[in-house]
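Those protein sequences? They're chains B and W, same order as listed.
First residue of the first sequence? That's 136 in my numbering, and the numbers climb one at a time after it.
First residue of the second sequence? That's 52 in my numbering, and the numbers climb one at a time after it.
Ideal Cβ placement from N, Cα and C applies to all residues, glycine included.
Since this is a predicted model, take the numbers as computed values, not measurements.
One structure is given here, and the rest of the page talks about it.
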Amino acid sequence: MRCKVSNLSKFFKKSPALNDVSATFEEGRITVILGPSGSGKTTLLRCIAGLETATSGDIELGDRTIFSSGREINVPPHRRDLGMMFQSYGLWPHMSVQKNIEFPLQIKNLSAGETRKKSQWALEMVGLVGMMIACLEN
Amino acid sequence: MTPAKIFRLSVAPFVVLVPLLFLIGLPLAMIALASIRGGEGNVHHFTLQAWSDLFKTRWIWETAFNTFGVAFVATVIAFIVGTPLAWLIARVNVPHRNLLNFLCLSPLFLSPLLSSVAWDMIGSRPTGIINFLTGGLFQPEFRLRNFWGISLIMGFYFSSYVFLYLWGAFRNVDPAIEEAAAIAGLGPFSTFLRITVPTILPAIAFVGLLIFVLALGLFSIPAVLGWPEGFFVLSTRIFFLLSIPPVNWGMAGAMAVLFLPVILFGIYLQRRLVRKGDFTLVSGKSARNIRIEIGRWRWPATAFIWFYWFIVAGLPTIVMAVISMTAYAGAYAKLSFLQYHKLLEYELFHKAVQNSLITSILGATLAVVISLGLSYLIQRLRPRWSPFVEYLVSVPLGIPGVVLGAALLWTWLALPLSSLVYGSLAMIIIACITQFLTTGVRSVSAVLVQIGRDVEESAWVSGATRMTTIRRILVPMLLPGLQSGWILMFILFFRELSAVLLLWSSRTITLPVLTFEIWREGSYPRLAAAGMVETILIGSVVLLVLLLGSLWQVFNRFRSRHGLQQRAFQESVSD
Chain B
136 MRCKVSNLSK
146 FFKKSPALND
156 VSATFEEGRI
166 TVILGPSGSG
176 KTTLLRCIAG
186 LETATSGDIE
196 LGDRTIFSSG
206 REINVPPHRR
216 DLGMMFQSYG
226 LWPHMSVQKN
236 IEFPLQIKNL
246 SAGETRKKSQ
256 WALEMVGLVG
266 MMIACLEN
Chain W
52 MTPAKIFRLS
62 VAPFVVLVPL
72 LFLIGLPLAM
82 IALASIRGGE
92 GNVHHFTLQA
102 WSDLFKTRWI
112 WETAFNTFGV
122 AFVATVIAFI
132 VGTPLAWLIA
142 RVNVPHRNLL
152 NFLCLSPLFL
162 SPLLSSVAWD
172 MIGSRPTGII
182 NFLTGGLFQP
192 EFRLRNFWGI
202 SLIMGFYFSS
212 YVFLYLWGAF
222 RNVDPAIEEA
232 AAIAGLGPFS
242 TFLRITVPTI
252 LPAIAFVGLL
262 IFVLALGLFS
272 IPAVLGWPEG
282 FFVLSTRIFF
292 LLSIPPVNWG
302 MAGAMAVLFL
312 PVILFGIYLQ
322 RRLVRKGDFT
332 LVSGKSARNI
342 RIEIGRWRWP
352 ATAFIWFYWF
362 IVAGLPTIVM
372 AVISMTAYAG
382 AYAKLSFLQY
392 HKLLEYELFH
402 KAVQNSLITS
412 ILGATLAVVI
422 SLGLSYLIQR
432 LRPRWSPFVE
442 YLVSVPLGIP
452 GVVLGAALLW
462 TWLALPLSSL
472 VYGSLAMIII
482 ACITQFLTTG
492 VRSVSAVLVQ
502 IGRDVEESAW
512 VSGATRMTTI
522 RRILVPMLLP
532 GLQSGWILMF
542 ILFFRELSAV
552 LLLWSSRTIT
562 LPVLTFEIWR
572 EGSYPRLAAA
582 GMVETILIGS
592 VVLLVLLLGS
602 LWQVFNRFRS
612 RHGLQQRAFQ
622 ESVSD
């Protein structure tokens with residue numbers, strides 16, 4: 136899915152974190168954003184995910200506008216249908232490894248069988264099948 | 052404007068602020084009104100009569116001096132006792148630290164009413180234990196029933212607060228800054244004085260103000276040790292004005308209003324300290340903790356902690372237990388369970404036990420739910436009006452229980468439909484929840500703060516709504532913290548006396564009120580028995596909840612493991 140960011144700005148009080156950023160991320164490609172700390176990499180990601188509300192600009196995902204300051208559109212994060220890996224991982228410590236993988240799939244109302252199959256696939260891919268019932272808390 | 056935005060701007064503040072103002076703001080306004088209301092029955096007019104009467108009394112300045120003096124001295128004593136304890140447990144390599152930690156916290160579980168009665172028996176009469184043991188060393192006799200005695204016992208009571216807060220502060224000090232000081236050439240002692248103490252100074256100021264404000268309003272210790280000698284502080288004086296005929300609402304209201312600005316200013320200062328952000332109550336990162344070796348001094352240090360526990364918690368409990376088994380005061384030769392049997396025959400006692408259990412279990416549950424909602428609002432939703440909510444929530448902490456009780460009584464008598472609530476257990480529950488709202492929100496907030504936002508955010512990005520996130524991520528993660536919050540609320544509600552003292556009726560009497568009434572009748576052995584029952588009931592419920600909590604954890608582990616084993620078995624069969 137293509138993601139298009141146009142003229143995105145984000146101000147924290149008066150200091151700009153993003154200043155008129157425009158970029159198109161094409162489908163099927165991996166894009167790396169590089170920059171010194173404080174240059175707005177995380178803010179851009181958080182704006183796309185909907186965790187931060189941009190001050191102005193537009194964000195499109197496929198042919199859907201998920202954010203537009205002009206048209207007062209702001210789709211909440213849980214309806215944007217995205218995935219995000221957090222800097223601090225954002226894992227749920229009270230769930231096992233397997234449940235951490237399955238939670239987003241359950242939320243999307245996948246059948247139990249489908250969920251299991253997908254999580255099994257993911258666990259096998261990273262070689263963590265033996266660890267799947269381990270709880271993260273310990 | 053979208054409907055969601057309209058909801059956020061109009062309905063949501065209304066739903067949160069109106070009940071809060073109703074619970075906290077209205078009673079305070081009503082008690083202020085009571086101080087300027089004149090006339091009888093339905094005839095109203097406004098007058099400053101009560102105010103001028105108040106300043107013409109002989110006792111107003113004496114009461115003010117006693118209140119502030121006792122609160123100040125008690126705060127100082129609490130620091131003198133509590134600071135070394137906190138430092139020893141947090142930073143020094145003392146043996147059996149977990150046990151010693153528990154010993155330092157145990158005074159928190161003692162009811163101030165019961166421990167002050169125990170102290171009264173230890174150190175007040177010619178027949179008291181201290182005078183008995185010292186055999187006339189003190190002439191005419193050693194007495195706790197005076198300014199210094201009350202301050203001392205209050206200081207003991209609050210020393211566990213100092214321990215609790217400074218323990219956290221000492222632990223949060225990054226050992227690296229002390230190491231840096233050592234490398235810069237400072238000795239251990241000057242490092243402590245010039246580096247460690249200034250670092251925790253905000254925490255010291257915070258807990259100092261907290262204790263001072265709480266001490267200004269504390270009721271039971273000055274009631275037990277001061278009242279019989281005609282020594283009054285704010286809270287006991289207000290109760291006196293409202294419980295001994297002729298009841299004087301005007302003067303009681305005026306006294307409450309007189310002290311409220313001081314208390315609100317204390318709360319304001321305290322909040323300023325926290326907002327400056329140069330110290331955190333809970334640090335998320337577990338800093339590397341280097342413990343100071345004190346060599347041979349470990350044993351005197353351990354002995355000091357045991358001695359503290361014995362004086363503040365052990366001795367009063369033992370004294371209560373022994374006295375509860377005597378037939379009449381001073382009859383130590385023949386111990387029996389007579390007092391307990393007599394209590395069981397007493398119908399009011401059954402009622403009181405039942406009411407106390409209902410109000411504290413129901414009230415604590417409600418309080419935790421409300422606190423969770425308010426903490427979530429203040430910390431996570433952060434609407435524009437949340438500072439106002441925060442301030443409102445921090446006010447009840449400083450309102451003396453007696454003032455709150457009087458204000459609620461006055462408010463509910465004036466309200467239409469009040470008969471539904473007044474004289475019912477709901478009244479008691481409302482009083483308790485209001486009185487401890489600050490404590491509840493603070494304890495839940497402290498747990499919520501520790502949960503990083505990323506955990507919630509990753510659930511949202513994964514497609515979970517806010518409610519799903521709260522239900523499936525936040526609440527399960529908070530559960531152990533909410534459990535301790537519940538236990539704290541339960542203990543506070545169960546033993547609450549001062550807020551309930553003006554609100555009870557024979558149908559809604561609680562165990563602490565019954566204990567206080569027995570004290571007023573002067574039957575010490577029976578009082579001690581009721582006190583022991585209270586202590587045992589609190590202890591058993593707390594143990595039961597802890598047990599249920601760990602059973603739940605074990606059950607959850609077992610369920611997930613069992614389910615997975617079954618699945619593994621099925622899969623191996625199908626292969």
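Rounded separation between Ile163 (chain B) and Leu196 (chain B) - CA only:
The residue given as residue 163 (chain B) occupies position 28 in the first sequence. The residue given as residue 196 (chain B) occupies position 61 in the first sequence. Here residue 163 (chain B) turns out to be Gly, not Ile, going by the sequence shown. Distance between the alpha carbons of Gly163 (chain B) and Leu196 (chain B) is about 14 Å.
One question on the structure: do Gln430 (chain W) and Leu488 (chain W) come within less than 7 Å of each other, judged by their Cβ atoms?
Residue 430 (chain W) sits at position 379 when you count from the first residue of the second sequence. Residue 488 (chain W) sits at position 437 when you count from the first residue of the second sequence. Contact: no.
Can you tell me the Cα-Cα spacing of Ala189 (chain B) and Val440 (chain W), whole angstroms?
Along the first sequence, read from residue 1 onward, the residue named residue 189 (chain B) stands at position 54. Along the second sequence, read from residue 1 onward, the residue named residue 440 (chain W) stands at position 389. If you take the alpha carbons of Ala189 (chain B) and Val440 (chain W), they lie about 27 Å apart.
Cβ-based burial, Gly317 (chain W) [other Cβ within 10 Å; buried from 16]
In the second sequence, residue 317 (chain W) corresponds to position 266, counting from 1. It is buried - the Cβ of Gly317 (chain W) has at least 16 other Cβ atoms within 10 Å.
Identify, in the order they occur along the chain, each residue of the same chain with its Cβ nearer than 8 Å to the Cβ of Thr633 (chain W), setting aside the five sequence neighbours on each side.
Residue 633 (chain W) falls outside the range modelled here, since chain W spans only 52 to 626, and no answer is possible.
Assign Gly238 (chain W) to one of three DSSP states: helix, strand, or coil.
Taking the second sequence and counting its residues from 1, the one referred to as residue 238 (chain W) is at position 187. It is coil, neither helix nor strand.
Quick one: list the residues of chain W neighbouring Pro239 (chain B), beta-carbon separation under 7 Å, in chain order.
By 1-based counting over the first sequence, the position of residue 239 (chain B) is 104. The answer, in chain order, is Ser513 and Gly514.
Does any residue of chain W have a CB that is nearer than 7 Å to the CB of Gly205 (chain B)?
Taking the first sequence and counting its residues from 1, the one referred to as residue 205 (chain B) is at position 70. It does not: the Cβ of Gly205 (chain B) has no partner Cβ on chain W nearer than 7 Å.
His401 (chain W): which of W:Arg109, W:Leu460 and W:Ser557 sits nearest, CA to CA?
Position 350 of the second sequence holds residue 401 (chain W). The option with the nearest alpha carbon to His401 (chain W) is W:Ser557.
For Ile262 (chain W) and chain B, any beta-carbon pair shorter than 7 Å?
If you number the second sequence from 1, residue 262 (chain W) lands on position 211. By this cut-off, Ile262 (chain W) is not an interface position.
Contact under 7 Å by Cβ, Ser375 (chain W) with Ala579 (chain W)
Numbered from 1 along the second sequence, position 324 holds the residue referred to as residue 375 (chain W). Numbered from 1 along the second sequence, position 528 holds the residue referred to as residue 579 (chain W). Cβ atoms of Ser375 (chain W) and Ala579 (chain W): closer than 7 Å.
Taking beta-carbon pairs under 9 Å, can you tell me which members of the segment 519 to 541 of chain W lie near chain B?
Thr519, Thr520, Arg523, Ile524, Pro527, Met528 and Leu530
Closer than 8 Å by beta-carbon distance: list the chain W residues that pair up with Ser223 (chain B), in chain order.
The residue labelled residue 223 (chain B) in the question sits at position 88 within the first sequence. Per Cβ cutoff of 8 Å: Gly503 and Asp505.
Which same chain residues, not among the five before or five after Thr520 (chain W), have their C-beta less than 8 Å away from its C-beta?
By one-based count along the second sequence, residue 520 (chain W) stands at place 469. Cβ neighbours of Thr520 (chain W) beyond the five flanking positions: Glu507, Ala510 and Trp511.
Spell out whether any CB of chain W is found under 7 Å from the CB atom of Leu217 (chain B).
For the purposes of this step, residue 217 (chain B) is taken as the residue at position 82 of the first sequence. Chain W contact via Cβ: present.
On the criterion of 16 or more Cβ atoms from any shown chain inside 10 Å, does His213 (chain B) qualify as buried, or is it exposed?
Counted from its first residue, the first sequence places residue 213 (chain B) at position 78. Buried, because 16 or more other Cβ atoms sit within 10 Å of the Cβ of His213 (chain B).
Use the C-beta contact count for Phe146 (chain B): other C-beta atoms within 10 angstroms, 16 or more gives buried, fewer gives exposed.
Position 11 of the first sequence holds residue 146 (chain B). Result: exposed.
Judging by CA-CA distance, which residue of B:Ile168, B:Leu153 and B:Asn154 is the nearest neighbour of Phe277 (chain B)?
The shown model of chain B, from 136 to 273, leaves out residue 277 (chain B), and the question about it has no answer.
If I measure Cβ to Cβ from Thr72 (chain W) and keep anything under 8 Å in the same chain, skipping five residues before and after, which residues do I get?
Position 21 of the second sequence, counted from the start, is the residue given in the question as residue 72 (chain W). Correcting the residue type first, residue 72 (chain W) is Leu in the shown sequence and not Thr. The residues are Leu443.
Is there a C-beta anywhere in chain W that falls below 7 Å from the one on Ala184 (chain B)?
Translated into positions along the first sequence, residue 184 (chain B) becomes position 49. True, the Cβ-Cβ gap to chain W drops below 7 Å.
Using the beta-carbon count (16 or more within 10 Å), is Asp171 (chain W) buried or exposed?
Translated into the one-based positions of the second sequence, residue 171 (chain W) becomes position 120. Flag for Asp171 (chain W) reads buried.
Beta-carbon neighbours of Lys243 (chain B), restricted to chain W and to distances below 7 Å:
If you number the first sequence from 1, residue 243 (chain B) lands on position 108. Under the 7 Å cutoff, chain W gives Gly514.
Rounded to whole angstroms, how far is the Cβ of Val492 (chain W) from the Cβ of Leu425 (chain W), which I believe are closer than 8 Å?
By one-based count along the second sequence, residue 492 (chain W) stands at place 441. By one-based count along the second sequence, residue 425 (chain W) stands at place 374. Right, their Cβ atoms sit about 5 Å apart.
Just grab the DSSP bridge partners of Leu143 (chain B) for me.
Start at 1 with the first residue of the first sequence, and residue 143 (chain B) comes out as number 8. BP columns for Leu143 (chain B) point to B:Val156.
Can you find the residues in the same chain that come closer than 7 Å, C-beta to C-beta, to Met371 (chain W), ignoring five residues on each side of it along the sequence?
Against the second sequence, residue 371 (chain W) aligns to sequence position 320. If we look at Met371 (chain W) and ignore the five residues flanking it on each side, its Cβ neighbours are Leu165, Ala169, Ala579, Gly582 and Met583.
May I ask you to report which of helix, strand or coil DSSP gives Ile27 (chain W)?
With chain W running from 52 to 626 in the structure shown, residue 27 (chain W) is simply not present.
Cut-off 6 Å between Cβ atoms - residues of its own chain near Ile289 (chain W), not counting five sequence neighbours on either side
Here the question's residue 289 (chain W) lines up with position 238 in the second sequence. Result list for Ile289 (chain W): Ala303, Met306 and Val453, in chain order.
Test: Trp227 (chain B) CB closer than 7 Å to a CB of chain W:
The residue labelled residue 227 (chain B) in the question sits at position 92 within the first sequence. Yes, Trp227 (chain B) counts as interfacial toward chain W.
Candidates W:Leu195, W:Thr108 and W:Phe544: closest to Ala274 (chain W) by CA position:
Looking up residue 274 (chain W) in the second sequence gives position 223. When only C-alpha atoms are compared, the closest one is W:Leu195.
To the nearest angstrom, how far is the alpha carbon of Pro467 (chain W) from that of Phe541 (chain W)?
The residue labelled residue 467 (chain W) in the question sits at position 416 within the second sequence. The residue labelled residue 541 (chain W) in the question sits at position 490 within the second sequence. Those two C-alpha atoms are separated by around 31 Å.
Answer with yes or no whether the minimum CB distance from Pro212 (chain B) to chain W is below 7 Å.
Working through the first sequence from its first residue, we reach residue 212 (chain B) at position 77. Yes, because at least one Cβ of chain W sits closer than 7 Å to the Cβ of Pro212 (chain B).
Under three-state DSSP, which class holds Thr331 (chain W)?
As a working mapping, residue 331 (chain W) is identified with position 280 in the second sequence. Residue placement at Thr331 (chain W) cannot be trusted, given a pLDDT of 42 that sits under 50; the coordinates are not used to answer.
To the nearest whole angstrom, what separates the beta carbons of Ser202 (chain W) and Val284 (chain W), a pair I think is in contact under 8 Å?
Numbered from 1 along the second sequence, position 151 holds the residue referred to as residue 202 (chain W). Numbered from 1 along the second sequence, position 233 holds the residue referred to as residue 284 (chain W). That belief does not hold up - the Cβ atoms of Ser202 (chain W) and Val284 (chain W) are roughly 11 Å apart, past 8 Å.
Compare the C-alpha of Lys234 (chain B) against each of B:Lys176, B:Ala152 and B:Thr250 and name the closest.
Looking up residue 234 (chain B) in the first sequence gives position 99. If we check each option's Cα against that of Lys234 (chain B), B:Thr250 comes out closest.
Whole-angstrom Cβ separation of Gly192 (chain B) and Leu143 (chain B), contact assumed at under 8 Å?
Within the first sequence, the letter at position 57 stands for residue 192 (chain B). Within the first sequence, the letter at position 8 stands for residue 143 (chain B). Between Leu143 (chain B) and Gly192 (chain B) the Cβ distance is about 3 Å, and since that is below 8 Å, they are a contact.
Could you work out which residue in W:Val472, W:Gln486, W:Arg435 and W:Ala497 is closest to Gly456 (chain W) when comparing CA atoms only?
To locate residue 456 (chain W), count along the second sequence from 1; it is residue 405. Out of W:Val472, W:Gln486, W:Arg435 and W:Ala497, W:Gln486 has the C-alpha closest to the C-alpha of Gly456 (chain W).
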